[in-house]
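Novice:
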């Protein structure tokens, strides 16, 4: 199955959440800035932050240095990205799966069914199951087709990742890696600021690059 490049913004992600049967108590909002007042404007509580950024040589070099910082363990839900153009949906899966206890799901939720079925699988096996999951792929493609700006598949050089507080630890979930990266302790009240600090590091490594955007998953 082919995955269509998706325009990534709160409206698109919230449509995807609805399509996948996630209850309306948590929804994505824009993060207009990663410092000061702009960050304090993000509604609380916030349970995940997602960052969209350009894939560059600097980023790939940085990732190579991080290979030994990948964290294993069963406290997080992680799946690898093997389907091209699926990073937005995978970031959404990481945000929801690692906050599953906070979420509500419709009785026929395709996402809840997928998370339950893959709960005890390895990240690689979860990726294989996602590639074969017609309900999630079709939802992704249907929502992607509704976007105002249609990215061309061969020109997509952006990537989406998620940050989540899991049991008091700030984890970064990037499907292109072999597992999540643990950035150390965090708390509910400081999570958004702690995650934003990590995002600022992404921006500082890309001197002169301004094509970054972020959204937060907040209680509505």
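Numbering (the working numbering), first residue to last: 3 to 222. Cβ coordinates follow ideal geometry from the N, Cα and C atoms, glycine included. Just so you know, these numbers come straight off a predicted model, no measurement behind them.
1) Does the beta-carbon distance from residue 113 to residue 23 come in below 8 angstroms?
2) On the CB-based measure, 16 or more other CB atoms within 10 Å of its CB, does residue 106 come out buried or exposed?
3) Check whether the segment 40-58 touches the segment 186-197, taking contact to mean three or more Cβ pairs, one atom from each stretch, closer than 8 angstroms.
4) Taking only three categories from DSSP, how would you classify residue 56?
5) Am I right that residue 33 and residue 216 are in contact with their C-beta atoms under 8 angstroms? What's the rounded C-beta distance?
6) Take the Cβ of residue 122 as the centre, count every other Cβ of all protein chains shown within 10 Å, and call the residue buried at 16 or more, exposed below.
7) Would you give the residue range spanned by the beta strand (DSSP E) that residue 171 belongs to?
8) Spell out whether any CB of chain B is found under 8 angstroms from the CB atom of residue 56.
9) Thinking C-alpha only, which one of 148, 180, 202 and 9 is nearest residue 91?
Specialist: With the given structure in hand:
1) yes
2) exposed
3) yes
4) strand
5) 4 angstroms
6) exposed
7) 171-175
8) The structure shown contains no chain B; it is built from a single protein chain.
9) 9
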